[in-house]
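Sequence lines, in order, name chains F and X. Following my numbering, the numbering of the first sequence begins with 107 at its first residue and continues without gaps. Following my numbering, the numbering of the second sequence begins with 4 at its first residue and continues without gaps. Every residue gets a Cβ at the ideal spot worked out from N, C-alpha and C, and that includes glycine. I have placed the structure first, in the form of structure tokens, so that the comments after it can refer back to it.
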Amino acid sequence: MWQALYEELADRNFVVIAVAMDSRPADPLPWIEAAKPTYPVLIDRDHRLAELYGVVNVPQAVWIDERGRIVRPTETAGVYEGFRKMNRETREMPEEAARLSEQARTTYIEALRDWVVRGAQSEHAFPAEQARAHLPALTEDMATAQAEFRLGQFLMRHGQADEGARRLAEASRRHPDSWCIWRQQAGVNEQGFAALPDFWERVDALGDRRYYHRVDMKGMP
Amino acid sequence: MVTVLTETGEFAVPGAEASRDVLWLAGRDAESATGWQVKPEGLCRGELCVPLPAGREGEFVRGPSVNVAALWRHLGQPAVSSDRGDVWVLARSAGDRARALDSLEAPDFTLPDPSGRQHSLSDYRGKKVFLVTWASW
Numbered sequence: 107m108w109q110a111l112y113e114e115l116a117d118r119n120f121v122v123i124a125v126a127m128d129s130r131p132a133d134p135l136p137w138i139e140a141a142k143p144t145y146p147v148l149i150d151r152d153h154r155l156a157e158l159y160g161v162v163n164v165p166q167a168v169w170i171d172e173r174g175r176i177v178r179p180t181e182t183a184g185v186y187e188g189f190r191k192m193n194r195e196t197r198e199m200p201e202e203a204a205r206l207s208e209q210a211r212t213t214y215i216e217a218l219r220d221w222v223v224r225g226a227q228s229e230h231a232f233p234a235e236q237a238r239a240h241l242p243a244l245t246e247d248m249a250t251a252q253a254e255f256r257l258g259q260f261l262m263r264h265g266q267a268d269e270g271a272r273r274l275a276e277a278s279r280r281h282p283d284s285w286c287i288w289r290q291q292a293g294v295n296e297q298g299f300a301a302l303p304d305f306w307e308r309v310d311a312l313g314d315r316r317y318y319h320r321v322d323m324k325g326m327p
Numbered sequence: 004m005v006t007v008l009t010e011t012g013e014f015a016v017p018g019a020e021a022s023r024d025v026l027w028l029a030g031r032d033a034e035s036a037t038g039w040q041v042k043p044e045g046l047c048r049g050e051l052c053v054p055l056p057a058g059r060e061g062e063f064v065r066g067p068s069v070n071v072a073a074l075w076r077h078l079g080q081p082a083v084s085s086d087r088g089d090v091w092v093l094a095r096s097a098g099d100r101a102r103a104l105d106s107l108e109a110p111d112f113t114l115p116d117p118s119g120r121q122h123s124l125s126d127y128r129g130k131k132v133f134l135v136t137w138a139s140w
């Protein structure tokens, strides 16, 4: 999704760093090979970015300027939850949902381009106080959840699947808002997506709450 | 053998005395894994020293050895262990994370690419960075 923009802005002192929140190093490889990105793609097996930046879902993004300062904290990156309106048998997307998804994508890419070109002058670059106001709220339960997650991942890697699974479940219990934690331990379907009935149940249980958090950006659905 | 997972990495510590509730590390191991060491002022990490609670010093320190699990709890930081106490994760508190983010300095990290080469966020200082997550699931 970002390769075209990256190529377009290649001479603008800009880099995309795409981080896969995947537990098995082999998992993201087919995707990476198909997309052939020319920017760095990193593997975050233990969800370090969740610990540091409060990432709870994918895709989420952070904008960081040349001095290493956060310009836009962790937020949904150019997607809309159109899939919730999808027909689960036929996998057809209603037109409105498809339109909103496309609107989310183009709005976000345009905003990102604007920032890369205009820097702090861009209306999408938050001044310090606004950036602070948009930081994710971090609780001690979330910090403990991430520690349990890291423990669970370690145990899974070292042949202790039962205890590992219990720890991942505990992590999810403590941090129920994190789809990263939940989907990491959920079962996957034949395409490799964590989109089995338990996923749909959990999505439906959100009710009116967003699967992808709202983004404070003009034109974003 | 006890494995301790911290901010800086994974440390295998032979001879640690560990259970579900306690993690006694020899002074040198405590310092390597966590940066904390015993000093006359108490337990210290760099410039920061934490006095030991009066009457409860024995919970934290035995000679040069440190019960880092007790220290972590005392500091209000997450310390989780496997059932057998042979794997520990010593993490940072949400308060610490939030204070770091409040500075708006993007926290540095080091992660591998698919070939195993390590990349740090700080490698890209001087460029605008769009840090974006994704997953195969």
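Contacts of residue i in chain X (Cβ-Cβ under 7 Å)
{"i": "residue 306 (chain F)", "result": "Result: empty, since nearest Cβ-Cβ is about 14 Å, beyond 7 Å."}
{"i": "residue 252 (chain F)", "result": "94"}
{"i": "residue 150 (chain F)", "result": "114"}
{"i": "residue 244 (chain F)", "result": "97, 100, 101"}
{"i": "residue 203 (chain F)", "result": "Neighbours of residue 203 (chain F) on chain X: none; closest Cβ ~21 Å, over 7 Å."}
{"i": "residue 183 (chain F)", "result": "135"}
{"i": "residue 309 (chain F)", "result": "The premise fails here: residue 309 (chain F) is roughly 14 Å from chain X at the closest Cβ pair, so nothing lies under 7 Å."}
8 Å Cβ cut-off: residues of chain X touching residue i
{"i": "residue 165 (chain F)", "result": "135, 136, 137"}
{"i": "residue 241 (chain F)", "result": "101, 104, 105"}
{"i": "residue 123 (chain F)", "result": "122, 124, 127, 132, 133, 134, 135"}
{"i": "residue 157 (chain F)", "result": "94, 95, 100"}
{"i": "residue 261 (chain F)", "result": "85, 90"}
{"i": "residue 238 (chain F)", "result": "105, 107"}
{"i": "residue 234 (chain F)", "result": "107"}
Proximal residues of chain F, C-beta to C-beta of residue i below 8 Å
{"i": "residue 128 (chain X)", "result": "172, 173, 174"}
{"i": "residue 125 (chain X)", "result": "174"}
{"i": "residue 108 (chain X)", "result": "174, 175, 176"}
Residue i - containing alpha helix (DSSP H), residue span
{"i": "residue 285 (chain F)", "result": "285–291"}
{"i": "residue 75 (chain X)", "result": "71–77"}
{"i": "residue 331 (chain F)", "result": "Look at the range of chain F in this structure, 107 to 327, and you will see that residue 331 (chain F) is not part of it."}
{"i": "residue 250 (chain F)", "result": "246–263"}
{"i": "residue 279 (chain F)", "result": "267–280"}
{"i": "residue 15 (chain X)", "result": "First-last for residue 15 (chain X): 12–16, but that is the beta strand (DSSP E), not the alpha helix (DSSP H)."}
{"i": "residue 137 (chain X)", "result": "Careful: residue 137 (chain X) lies outside any alpha helix (DSSP H), inside the beta strand (DSSP E) at 131–137."}
{"i": "residue 239 (chain F)", "result": "234–239"}
{"i": "residue 37 (chain X)", "result": "30–37"}
{"i": "residue 113 (chain F)", "result": "109–114"}
{"i": "residue 306 (chain F)", "result": "303–310"}
{"i": "residue 3 (chain X)", "result": "Lying outside 4 to 140, the shown extent of chain X, residue 3 (chain X) is not represented and no answer is given."}
Neighbouring residues, chain F, relative to residue i (Cβ below 9 Å)
{"i": "residue 5 (chain X)", "result": "By Cβ distance, chain F contributes nothing, its closest Cβ being about 12 Å from residue 5 (chain X), past 9 Å."}
{"i": "residue 8 (chain X)", "result": "152, 253, 256, 257, 260"}
Residue i: contacting residues in chain C (beta-carbon distance under 8 Å)
{"i": "residue 220 (chain F)", "result": "No chain C appears in this structure, whose protein chains are F and X."}
Where residue i meets chain F, residues with beta-carbon distance less than 7 Å
{"i": "residue 86 (chain X)", "result": "269"}
Bounding residues of the beta strand (DSSP E) (the contiguous stretch that carries residue i)
{"i": "residue 94 (chain X)", "result": "Premise fails: residue 94 (chain X) is in no beta strand (DSSP E) and is neither H nor E."}
{"i": "residue 207 (chain F)", "result": "Counting along the chain, residue 207 (chain F) falls outside any beta strand (DSSP E), though it belongs to the alpha helix (DSSP H) covering 201–224."}
{"i": "residue 45 (chain X)", "result": "45–48"}
{"i": "residue 156 (chain F)", "result": "It is not in any beta strand (DSSP E) - residue 156 (chain F) instead sits in the alpha helix (DSSP H) that spans 154–159."}
{"i": "residue 123 (chain X)", "result": "121–123"}
{"i": "residue 84 (chain X)", "result": "82–84"}
{"i": "residue 140 (chain X)", "result": "Segment: none, residue 140 (chain X) is in no beta strand (DSSP E) and carries neither H nor E."}
{"i": "residue 61 (chain F)", "result": "No statement about residue 61 (chain F) is possible, as the shown extent of chain F runs from 107 to 327 and does not include it."}
{"i": "residue 53 (chain X)", "result": "51–53"}
{"i": "residue 166 (chain F)", "result": "166–170"}
{"i": "residue 107 (chain X)", "result": "That residue, residue 107 (chain X), is in no beta strand (DSSP E); it is neither H nor E in DSSP."}
{"i": "residue 5 (chain X)", "result": "5–9"}
{"i": "residue 179 (chain F)", "result": "176–182"}
{"i": "residue 40 (chain X)", "result": "40–42"}
{"i": "residue 147 (chain F)", "result": "147–149"}
Under 9 Å by beta carbon: chain X residues contacting residue i
{"i": "residue 323 (chain F)", "result": "Within 9 Å Cβ-Cβ: nothing; residue 323 (chain F) doesn't reach chain X, min ~14 Å."}
{"i": "residue 161 (chain F)", "result": "136"}
{"i": "residue 249 (chain F)", "result": "80, 81, 94, 95, 96, 97, 98, 99, 100"}
Distance cut-off 8 Å: residue i Cβ against heavy atoms of the ligand NAP
{"i": "residue 65 (chain X)", "result": "Absence of the ligand NAP from the depicted structure is noted, as is the absence of any ligand whatsoever, leaving it without description."}
- Message: Give me the subset of the segment 185–200 of chain F whose CB atoms are less than 9 Å from a CB atom of chain X, sorted by chain position.
- Response: Going along the segment 185–200 of chain F in chain order, one finds no residue with a Cβ nearer than 9 Å to chain X.
- Query: Just checking, does the segment 24–40 of chain X make contact with the segment 5–16 of chain X on the three C-beta pairs under 8 Å criterion?
  - Reply: Yes, the segment 24–40 of chain X touches the segment 5–16 of chain X.
- Can you find at least 3 beta carbon pairs, one from the segment 157–173 of chain F and one from the segment 213–232 of chain F, that sit closer than 8 Å? With the cut-off at 8 Å, the segment 157–173 of chain F and the segment 213–232 of chain F touch.
- Chain-ordered residues of the segment 54–83 of chain X with a beta carbon less than 7 Å from chain F: Listed in sequence order: 81, 83.
- Query: For the segment 41–58 of chain X against the segment 68–82 of chain X, are there 3 or more C-beta pairs whose distance is under 8 Å?
  - Reply: When Cβ pairs closer than 8 Å are counted between the two stretches, the segment 41–58 of chain X is seen to touch the segment 68–82 of chain X, the count reaching three or more.
- Task: Give, in chain order, every residue of the segment 13–25 of chain X whose Cβ lies closer than 9 Å to some Cβ of chain F.
- Result: Of all residues in the segment 13–25 of chain X, 13 have a Cβ within less than 9 Å of some Cβ in chain F.
- Item | the segment 214–221 of chain F in contact with the segment 248–261 of chain F per 3-pair CB rule at 8 Å | Touching, no, given that fewer than three Cβ pairs across the two stretches are closer than 8 Å.
- Message: Pairs of beta-carbons, one from the segment 32–42 of chain X and one from the segment 57–73 of chain X, closer than 8 Å: are there three or more?
- Response: With the cut-off at 8 Å, the segment 32–42 of chain X and the segment 57–73 of chain X touch.
- Message: If contact is defined by three or more beta carbon pairs under 8 Å, each pair taking one atom from either stretch, is the segment 83–91 of chain X in contact with the segment 138–152 of chain F?
- Response: Touching, no.
- Is the number of C-beta pairs between the segment 268–275 of chain F and the segment 301–311 of chain F that are closer than 8 Å three or more? Result no; under three Cβ-Cβ pairs closer than 8 Å.
- Task: Evaluate contact between the segment 118–135 of chain X and the segment 113–123 of chain F, counting only Cβ atoms and requiring at least three cross-stretch pairs below 8 Å.
- Result: Yes, they touch.
- Message: Tell me whether the segment 310–326 of chain F and the segment 116–130 of chain X touch, counting them as touching only if at least three CB pairs, one residue from each stretch, are closer than 8 Å.
- Response: Judged by Cβ distances under 8 Å, the segment 310–326 of chain F makes no contact with the segment 116–130 of chain X, as fewer than three pairs qualify.
- Message: Can you confirm whether the segment 132–144 of chain F touches the segment 197–217 of chain F when touching is taken to mean that 3 or more C-beta pairs between the two stretches lie within less than 8 Å?
- Response: The segment 197–217 of chain F, when compared against the segment 132–144 of chain F, does not touch it at the 8 Å Cβ threshold.
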